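J.:
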Amino acid sequence: MQTLDKDEVLRSLVKIGSEVTPLTDKLQRMLVVVLSHKDIDSLGKGHIALADKKGAMLTMVASYGLDEALQERCQHIEKGSCLCGKVLANQQAIFKSCLDKDHDVVIPEMCDHGHYVMPILAGERMAGVFSIEVASGCKKNIYMMKILESCVLLIGMVIHNHDQWESIRQSNQLLERRVKDATAEISRTARMSQENPNPIMSIRAKSMTFSYINPIAQLLLGYMGYHESVQRIPDVMQNSCEQVLKTRQKMDIRVDVAQLTYEFVFLPDERSEAVLVFGNNVTELLSAEREKRLLQTKNAHSQRLRSLGAVAGGVAHRFNNLLMTIMGNSDLLKLTYQDESEAAVMLDKIQHACVQASSLCQQMQAYAGKGKASVSHFDLSDKIRHIEGLLDVMLSKNTALRFDLEEEPTSIKADPLQIQQVLINLVQNASEAIGDNQGTVSVRTALKNADAAYLKYLHAEIHVKPGKYVVLEVADNGSGMSPAEKEQMFDPFFTTKFIGRGLGLSVVEGIVHSHGGAIHVVSEEGKGTLVKILFPLVSLHQVEVADAGPDNEPEIHFKKVLIIDDDPAVRELIGNMLGYFGYTTMLAENGLTGVNMYRQHRAEIGLAVVDLNMPEMDGRAVLKALRELEMDLPVVISSGYSEEQSLSEIDDERVSFLGKPFKAERLRDVVSQALAAV
């Protein structure tokens, strides 16, 4: 924490207090400034708690350096309880050099420490307490106490000023509900309205002239063509006044003034023939609402397209097998009838079309979250900083967005657009869970050296291996999910809020797993949700080197090649291709049959070609079973998905990858290279 001298601290406190920001934000920043005072010898920990209207309960509204358990325990303190409650009751500062009997709140494993607890006075009202922690055994420092009194005095003035503005806001609301007292309320409001940032006016009914107009209203009316010498109100307001006088009902209008939009409320004054007018600048509100609707429309459209991706991924996989059959057989024909020039041209066209179709399949897989369309190295925390504004406008005005981003490099290898989609979906789901209530969405990044026990705790051991990870957390204090809802949370279109969305977590899961990551969700009904995602930590200087293929013709081995693929056309085609190059093959229609074949003929088989995606026993299970029988058997994994996606959970030096669809020469090269390594 940066240290500041006395003048810097006071200037900072005054500056923060004069800003137009929420009170809790001001208090949080002022707390940090006070703790940074070079003459305040604290442990860098403290908090501010405000009293309720009755002065019976304290609620913590700002804190720094406190453990989560302590924050939760000290969130609400009754009058007379613990040190803060005693200061609230007695309105006298308390100093303690250690944790004694007056310190009622004790957390397990809490280290001994002392306290300065100061009362905060807002005018004549006991507004709350200011507390900092100091080292155990320290002596009371009178000079430090005086500094704290000065700082707390400024904090009290800020709270008092906030109280006054809050009183003004409530007074404006009472004007509409208490029409009978309108004249008295107008008189009181008029006295305060000279510095009011919103326009306030009173209009005489008979002459349609102003009986009162505050400075900001005069400025706005000047843009509307009003001149003080004329006195008569602008035409845009006269119709509203006449309607209010006729119906004796309030009326709202919106007026564009100097590139700003103001909402004016017209109220009849029951005690006199006059109309009261109150204005409010709604420019930013309307702009935010428009932008939010636009983003919601775009996101809804994007997420509905993503839902189709779940189907697209499966279609792409099946389509790759069909392409494999077409491309492979045409390739064999071309190799067999090389002298048929006309046929060769036709076969070239078939293969060219297959290559284009294969490219389309790859795009469909990336779209479905089964692959990464454009992978690069980037810092996740920096990515979040760049889109903070985009995430913030997705939230309602009642929801606060908090960021706690790791300062150390959080480098990952991923598709930036897909990671952005993950963040958007998680923040949007959190906002929907909060709804119209007051709430907070927190976005956090961190580094984690995850061991096997930690991954098991996250139920992530089947997706990732122990190692270094970048952790992304998105938490909210919204509605949460019941156990039944949690079971469906990764289903497409599932949502706890029936407002036409709910694809968030299903899309997030697909993207995370396609990047070799893991996702864990903690949620309790009525207590909010925490989504924790792990991405493998990578070095920004990591360089990928592509495997080089063999330069020479394959050496023919006399051992057989076992082909395991559930698609009969693909299975037979691979056998024909290898047969063309002189290999003897054995064909198995599923994983279990293939493992049994190897168990019976292991002395004859020198290599296995295994399809990754098969029902009942997939390629990974087949590989595991084969390894239990023979550790050194070369295995070629064949799949329509990317190599990174297909081998993400396979750590085996004797495993090669063959992406579908492939030509005969590519199959020959991969098999030859695998056998040459024996």
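For the sequence shown, the positions run 129 to 806 when the numbering used here is used. All residues carry an ideal CB built from backbone N, CA and C; glycine is no exception. Keep in mind it's a predicted model, so treat the numbers as computed, not measured.
1) Taking all protein chains shown into account, decide if Asn557 is buried (16 or more other Cβ within 10 angstroms of its Cβ) or exposed.
2) Please go through the same chain and pick out, in chain order, the residues whose beta-carbon is closer than 7 Å to the beta-carbon of Cys226, but skip the five residues on each side of it.
3) Under the rule that 16 or more other beta-carbon atoms within 10 Å means buried, what is Lys426, buried or exposed?
4) On the three-pair Cβ rule with 8 Å, is the stretch 511-526 touching the stretch 546-564?
5) Considering Cα atoms alone, identify which of Met272, Ala255, Gly251 is closest to Cys261.
6) Hey, how far is the Cα of Lys477 from the Cα of Gln546?
7) With a threshold of 16 other CB atoms inside 10 Å of the CB of Ala804, please say whether the residue is buried or exposed.
8) Given Leu706, which residues of its chain have a CB within under 6 Å of its CB, disregarding the five upstream and five downstream residues?
9) Suppose the cutoff is 7 Å on Cβ atoms and the five residues either side in sequence are ignored; what does the same chain contact list for Asn457 look like?
10) Could you give the C-beta distance for Val764 and Leu786, rounded to a whole number, given that I count them as a contact under 8 Å?
11) By alpha-carbon positions, which one of Gln773, Ser784, Val738 ends up nearest to Ile691?
12) Please determine if the stretch 280-297 and the stretch 245-259 are in contact, where contact requires at least 3 C-beta pairs separated by less than 8 Å.
13) Enumerated in chain order, which unbroken segments of the alpha helix (DSSP H) with a length of 4 residues or greater are wholly contained in the stretch 355-394?
14) Do the stretch 641-658 and the stretch 573-589 make contact, defined as three or more Cβ pairs closer than 8 Å?
15) Where does Val234 fall in DSSP's three states?
16) Got a sec? Which residues, its chain only, sit under 7 Å from Asp507 by beta carbon, not counting five neighbours each side?
17) Who pairs with His243 in a beta bridge, going by DSSP?
18) In angstroms with no decimal places, state the Cα-to-Cα distance between Pro789 and Glu196.
19) What did DSSP end up calling Pro611 once you bin it into helix, strand or coil?
20) Let's see if you can read the secondary structure: which residues bound the beta strand (DSSP E) around Ala179?
21) Would Asn269 and Asn326 qualify as a contact pair, given that the criterion is a beta-carbon distance under 7 Å?
22) Hey, would you say Ile205 sits closer than 7 Å to Val215, going by beta carbons?
23) Indicate the three-state DSSP secondary structure (helix, strand or coil) for Arg332 in the structure shown.
24) Helix, strand or coil: how does DSSP classify Gly787 here?
25) For His648, does the three-state DSSP call read helix, strand or coil?
26) In the DSSP assignment, what residue or residues form a beta bridge with His505?
27) Is it true that the stretch 181-189 meets the stretch 296-303, where meeting means three or more beta-carbon pairs spaced less than 8 Å apart?
28) Mapping the DSSP letters down to three states, classify Gly654 as helix, strand or coil.
T.: So, from the listed chains and residues:
1) buried
2) Result list for Cys226: Asp240, Gly242, Ser264, Gly265, in chain order.
3) Because Lys426 carries a pLDDT of 47, less than 50, the predicted location of this residue cannot be relied on, and the following value inherits that uncertainty. It counts as exposed.
4) Touching, yes, given that three or more Cβ pairs across the two stretches are closer than 8 Å.
5) According to the sequence provided, residue 261 is Glu. The question's Cys does not apply to it. Taking only the C-alpha atoms, the option nearest Glu261 is Met272.
6) 34 Å
7) Exposed, by the Cβ-count rule.
8) Val689, Thr713
9) Leu701
10) That pair is a contact at about 5 Å.
11) Val738
12) yes
13) 363-375
14) yes
15) coil
16) Pro537, Thr538, Ser539
17) Lys224, Glu261
18) 54 Å
19) Helix.
20) 174-179
21) no
22) no
23) strand
24) Here Gly787 carries a strand assignment [DSSP, helix/strand/coil].
25) Strand at His648.
26) Lys541
27) no
28) coil
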